[in-house]
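Peer 1:
Protein chains: 2
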Amino acid sequence: MSKTKEFQKLIFTYEALQTWFEALYVKPCRETTIPLTEAYNRVLAQDVVASEDLPRFNRSAVDGYAVRADDTTGASETKPLLFRLTEEDELTDTAHRQGKQVWTGNPLPKGANAVVMVEKTKKVEAKIEVWTQAAPFANVMRQGEDMKKGEVAVPAGTRLKPYHLALLAALGISEVNVIEKPKIAILATGNELAKVGDERGAKQVWESNRLMLTGMCCELDAEPLDLGLAKDSVDEIAEGLMLGLKIADAVITTGGTSVGGLDLVPEAVNKVGKPGIVIHGVAMRPAMPTALAVLEGKPVMVLSGNPVAAITGFEVFARPLICRLLGLKREEQRPTIKAVMTRKIATALGRKSFVRVRVTQKNDEFQAEPVSAKGSGNLSTMTKANGYVIVPENREGLAEKEKVTVHLFDEL
Amino acid sequence: MSKTKEFQKLIFTYEALQTWFEALYVKPCRETTIPLTEAYNRVLAQDVVASEDLPRFNRSAVDGYAVRADDTTGASETKPLLFRLTEEDELTDTAHRQGKQVWTGNPLPKGANAVVMVEKTKKVEAKIEVWTQAAPFANVMRQGEDMKKGEVAVPAGTRLKPYHLALLAALGISEVNVIEKPKIAILATGNELAKVGDERGAKQVWESNRLMLTGMCCELDAEPLDLGLAKDSVDEIAEGLMLGLKIADAVITTGGTSVGGLDLVPEAVNKVGKPGIVIHGVAMRPAMPTALAVLEGKPVMVLSGNPVAAITGFEVFARPLICRLLGLKREEQRPTIKAVMTRKIATALGRKSFVRVRVTQKNDEFQAEPVSAKGSGNLSTMTKANGYVIVPENREGLAEKEKVTVHLFDEL
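Residue numbers (numbering that gives the first Met the number 0), protein chains in the order written: chain A, 0 to 411; chain B, 0 to 411.
1. Per DSSP, what kind of secondary structure is L170/B in: helix, strand or coil?
2. For G484/B, return the contacting residues in chain A, with the cut-off set at a CB-CB distance below 8 Å.
3. Run down chain B in chain order and give the residues with a C-beta less than 9 Å from the C-beta of E128/A.
4. Taking A44/B as the reference, give the member of R323/B, T404/B, K361/B and I336/B with the closest Cα.
5. Going along the chain, which unbroken runs of the alpha helix (DSSP H) with 4 or more residues stay wholly within the stretch 118-200 of chain B?
6. Is the shortest distance between the beta-carbon of D92/A and the beta-carbons of chain B less than 8 Å?
7. Let me know the secondary structure DSSP gives D225/B once reduced to three states.
8. Alpha carbon to alpha carbon, how far is V293/A from V250/A? Give it in angstroms, no decimals.
9. Given 8 Å as the limit, is there contact between the stretch 389-407 of chain A and the stretch 326-343 of chain A, that is, 3 or more CB pairs closer than that?
10. Please give me, in chain order, every unbroken run of the beta strand (DSSP E) with length at least 3 that falls completely inside the stretch 276-305 of chain A.
11. Tell me, please, whether the stretch 218-230 of chain A touches the stretch 177-185 of chain A by the rule of three or more beta-carbon pairs shorter than 8 Å.
12. Per DSSP, what kind of secondary structure is E87/A in: helix, strand or coil?
13. Is there a C-beta anywhere in chain B that falls below 8 Å from the one on D220/A?
14. Select from G376/A, D62/A and T77/A the residue whose C-alpha is nearest the C-alpha of G304/B.
15. Closest by CA to A367/B, which one among R357/B, S375/B and G214/B?
16. Interface residues of chain B around W19/A at Cβ under 7 Å?
17. For a contact meaning CB atoms closer than 7 Å, what does N377/A contact in chain B?
18. Decide if R29/A is buried, meaning its Cβ has at least 16 other Cβ atoms within 10 Å, or exposed.
19. Taking C-beta to C-beta, are T256/B and P288/B nearer than 8 Å?
20. Since L204/B and P54/A are thought to touch, with beta carbons under 8 Å apart, how far apart are those beta carbons, to the nearest angstrom?
21. By how many angstroms is the C-alpha of S375/A removed from the C-alpha of A184/A?
22. Take T103/A as the anchor and find which of A134/A, T77/A, K126/A and N138/A has the nearest alpha-carbon.
23. What do you get for I127/A, buried or exposed, if any count of 16 or more other CB atoms within 10 angstroms of its CB means buried?
24. If you follow the beta strand (DSSP E) that E364/A is part of, which residue opens it and which one closes it?
25. My output table needs one value for S59/A: the three-state DSSP class, helix, strand or coil.
26. Leaving out the 5 sequence neighbours to the left and right, which residues in its chain are closer than 7 Å to F265/A when beta-carbon positions are compared?
27. Decide if G214/A is buried, meaning its Cβ has at least 16 other Cβ atoms within 10 Å, or exposed.
28. Does the beta carbon of V370/B sit closer than 8 Å to a beta carbon anywhere in chain A?
29. Using CA atoms only, rank isn't needed, just tell me which of A94/A, V388/A, V299/A and P298/A is closest to R284/A.
30. Can a CB atom of chain A be found closer than 8 Å to the CB of Y162/B?
31. Which chain B residues sit within Cβ distance under 8 Å of L35/A?
32. Over the uninterrupted alpha helix (DSSP H) stretch that includes L213/A, give me the two end residues.
33. With contact counted as at least three CB pairs below 8 Å, one residue from each stretch, are the stretch 149-157 of chain B and the stretch 96-115 of chain B in contact?
34. Can you give me, in chain order, the residues of the stretch 331-349 of chain A that have a beta carbon less than 8 Å from any beta carbon in chain B?
35. With a threshold of 6 Å on Cβ separation, who are the neighbours of L261/A within its own chain once the five nearest residues in sequence on each side are excluded?
36. Using 10 angstroms around the beta-carbon of N393/A, count the other beta-carbons present and answer buried if the total reaches 16, otherwise exposed.
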């Protein structure tokens, strides 16, 4: 029972993260060059600089006639001005009013600095009547207006969204350097677990955490690798860890991390190498028995077997880690919403508590209803909730009607 | 110029969507059965009902000793009670205090209804001292507590998140019926466009909308199909449309949808079949020249060539369509946040306006800074913004310091 004493000095979450990261020297994964057409949601490894102005010439923003703006002075519906049409790429006759037909997106002919919309003109044989004055650069998308040559179009560390892809394509870029997806190996442990599809013993339950953690890696666009299921055996767990360290950038285990007789994962971690476990026991609820380790310079996260605790441990430790491995400028956060607690809840002083809530909209207000304080092992509390509220260590709960920030993990 | 008159009766967005959906009878795509291990982010086609209680037996939530709760009455640190240990799956000796060692997750032996944590006991040869009273079901995860047999575990129309996968795995499910990913074929049109990687004419620009729309499909987990690039030719566009209708569940075109001489997409659509275009011209900004069509019973979206207008048209029409094709219970919305406008902006009365803003946090307040009202063709206004505000048709703008709802398309 001596081990139980370890948890008498729980580490605060931010301190745990800092200690672990310092032991790790976390760096982004390797760079790789991929076609832009495959770059959706990937993280840019290097700044992309515009190699030309965008647009690279003055373009018409409408269908109409390119003219010299000055030539339109005084034009109106009652007093239209006549312009001769040219097919040339230049308005050559500076002594007379000239226009050239342009479609949306066409370059302006040399000498032209405005476009009159086709609706404001009338064609009369080889000439047009112009019914309106055009200011300089009216209906013109000016060269370099979107982006100037030499500007950083998209900075390193950006996750490429659809409009980033478009901007890069518009600059003629066909390949980009991105950070490789971090490989995260996932090992479940516990004699009580049976693999779905296999035989299940009378005292066993279906194992479900691997698939859950796999999905959480996918949410961040990391690449999950399955290490399968280990029995409560130091050797078997160590073997799984070693394989994970060989094939992945980080390893996550689930189960066997408390201080009971079969909580063998920390022991297995320390058997594999140094420094091994750097944190064991965090001042949070759920997920108190989380451990963090470093092996072969790689991060190892020892999460609880309790599914809600495993999720919480992932959110607090794996999420910032993966964001760093991805080379993201900053940690990606879940969307938040301000809501009002529908009732008071109690939490433990000295622990950071993650309270699952269901947020709904009532008129113009969002209400957060706590989902069963009991049963942090119950997956249905996750499927019934759509977010969590973080209660800090110096609070003993939340008051009814208190305004809180909810971190949303699902739709309202 | 007669065509310009069409746009004098612009349709409101909600009316356009309703008219189009009525012409379509939109139904979800086909069902398909896939392994649960591949079901992350897919949409469930049918309710999944729990085939057994979860957990299926009373389980210990801790490491300790399973006992009859009544037997612990009066136990305390100063007055411990002695329990004999058994290895059996039942506490048989009802006349005496009995306990059985259990690890977290183990089933309780028959007759036991509580677990005393190992920390509250002391082993004394073949017996244990119990130092605390245990209430009935203390430290027990009760059978069916998470979910009862026959309950709907996950309803049809749910996008499967990590904890849904875990809940289904915990119920022993290895395969699920999901809705097939809607195939969305994307065709870009315009003589002024060159494919990145190809030769580019002196008056051409790099085509970028296909990749952008591809990414927007990926955001919703639809499957984009590339129809390439068509010149401004009714025949060439019609050919692209016909191929799209053959291989996809819906077709999106971009470019050539206004009322100029080279805006040939609506004509090409109507050439392909009936009813063809059902809406052309929507009371919104940007994306006013959007057209919506039905061909061979399939939806066709004719979006602007202006990238920001194409994005907006996609948000307003393709997003709800794809959500229906996916069979989602309700349309998936972007996360929203309440923010305060940093300055006033003007919008057009009678148009639903989509104003790009950059939201930042200042102390406890979110501020929304409009990103260049000009240049709705400028992609950099999208990469500089992180959300949009919708100004309704009956407003002529937003006031400085007005509180608005921002729809976030990127991180703060």
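Each residue gets a CB set at the ideal place from its N, CA and C atoms; glycine is no exception.
Note that the structure is a prediction, hence the values are computed from the model and not measured.
Peer 2: Working from what's here:
1. Here residue 170/B refers to the residue found at position 171 when the second sequence is read from its first residue. L170/B: coil per DSSP, three-state reduction.
2. Here chain B comprises residues numbered 0 to 411, so residue 484/B is not present and cannot be evaluated.
3. Counting from 1 along the first sequence, the entry for residue 128/A is found at position 129. The contacting residues do not exist; E128/A stays about 12 Å from chain B at best.
4. By 1-based counting over the second sequence, the position of residue 44/B is 45. Among R323/B, T404/B, K361/B and I336/B, the Cα nearest to that of A44/B is on R323/B.
5. If we require 4 residues or more, the alpha helix (DSSP H) runs fully inside the stretch 118-200 of chain B come out as 161-169.
6. Taking the first sequence and counting its residues from 1, one reaches residue 92/A at position 93. It does not: the Cβ of D92/A has no partner Cβ on chain B nearer than 8 Å.
7. Counting from one through the second sequence, the residue named residue 225/B turns up at place 226. Note: D225/B maps to strand in three-state DSSP.
8. Position 251 of the first sequence, counted from the first residue, corresponds to residue 250/A. Position 294 of the first sequence, counted from the first residue, corresponds to residue 293/A. Roughly 10 Å between the two C-alpha positions.
9. yes
10. DSSP runs (the beta strand (DSSP E)) wholly in the stretch 276-305 of chain A: 290-294 and 297-302.
11. Under the Cβ criterion (8 Å, minimum of three pairs), the stretch 218-230 of chain A counts as touching the stretch 177-185 of chain A.
12. As a first step, residue 87/A must be located in the first sequence, where it is residue number 88. Note: E87/A maps to coil in three-state DSSP.
13. Position 221 of the first sequence, counting from 1, holds the residue named residue 220/A. Output row for D220/A: interface = no.
14. What you label residue 304/B is simply residue 305 of the second sequence in a count that begins at 1. Ranking the options by Cα distance to G304/B, first place goes to D62/A.
15. Residue mapping note: residue 367/B aligns to position 368 of the second sequence, counting from 1. Checking every option, the nearest Cα to that of A367/B belongs to R357/B.
16. As a working mapping, residue 19/A is identified with position 20 in the first sequence. Correct list: empty, because the minimum Cβ distance to chain B is about 23 Å.
17. Along the first sequence, read from residue 1 onward, the residue named residue 377/A stands at position 378. The contacting residues are E144 and D145.
18. Here residue 29/A corresponds to residue number 30 of the first sequence, with the count starting at 1. Here R29/A is exposed: its Cβ has fewer than 16 other Cβ atoms, across all protein chains shown, within 10 Å.
19. The sequence position of residue 256/B within the second sequence is 257, counting from 1. The sequence position of residue 288/B within the second sequence is 289, counting from 1. Their beta carbons are under 8 Å apart, which means T256/B touches P288/B by this criterion.
20. Taking the first residue of the second sequence as 1, we reach residue 204/B at position 205. Taking the first residue of the first sequence as 1, we reach residue 54/A at position 55. Checking the displayed sequence, the identity of residue 204/B turns out to be Val instead of Leu. The Cβ separation is near 6 Å, so the contact holds.
21. For the purposes of this step, residue 184/A is taken as residue 185 along the first sequence, with counting starting at 1. For the purposes of this step, residue 375/A is taken as residue 376 along the first sequence, with counting starting at 1. Between A184/A and S375/A, the C-alpha separation is close to 25 Å.
22. Along the first sequence, one-based indexing puts residue 103/A at 104. For T103/A, the nearest C-alpha among the options comes from N138/A.
23. Against the first sequence, residue 127/A aligns to sequence position 128. Flag for I127/A reads buried.
24. Locating residue 364/A in the first sequence gives position 365, counting from the first residue. From DSSP, the beta strand (DSSP E) with E364/A extends over E364 to P369.
25. Residue numbering aside, residue 59/A sits at position 60 when the first sequence is read from its first letter. When secondary structure is reduced to three states using DSSP, S59/A falls in the strand class.
26. Translated into positions along the first sequence, residue 265/A becomes position 266. One point to set straight first is that residue 265/A is Pro, not Phe, in the sequence displayed. Spatial neighbours of P265/A in its own chain (CB-CB distance under 7 Å, excluding positions within 5 residues in sequence) are listed in chain order as T256, I276, H279, A290 and V301.
27. Position 215 of the first sequence holds residue 214/A. G214/A comes out buried.
28. Within the second sequence, the letter at position 371 stands for residue 370/B. Not an interface residue.
29. The sequence position of residue 284/A within the first sequence is 285, counting from 1. Closest by alpha carbon: V388/A.
30. Numbered from its first residue, the second sequence carries residue 162/B at position 163. It does: the Cβ of Y162/B has a partner Cβ on chain A nearer than 8 Å.
31. Walking along the first sequence from the start, residue 35/A turns up at place 36. Neighbours of L35/A on chain B, chain order: V195 and L210.
32. As a first step, residue 213/A must be located in the first sequence, where it is residue number 214. Checking the sequence, you will find Thr at residue 213/A rather than Leu. Unbroken alpha helix (DSSP H) run through T213/A: N208 to E218.
33. no
34. E331, Q332, P334, T335, I336 and K337
35. In the first sequence, counting from the first residue as 1, residue 261/A sits at position 262. The answer, listed in chain order, is D231.
36. Working through the first sequence from its first residue, we reach residue 393/A at position 394. Burial call: exposed.
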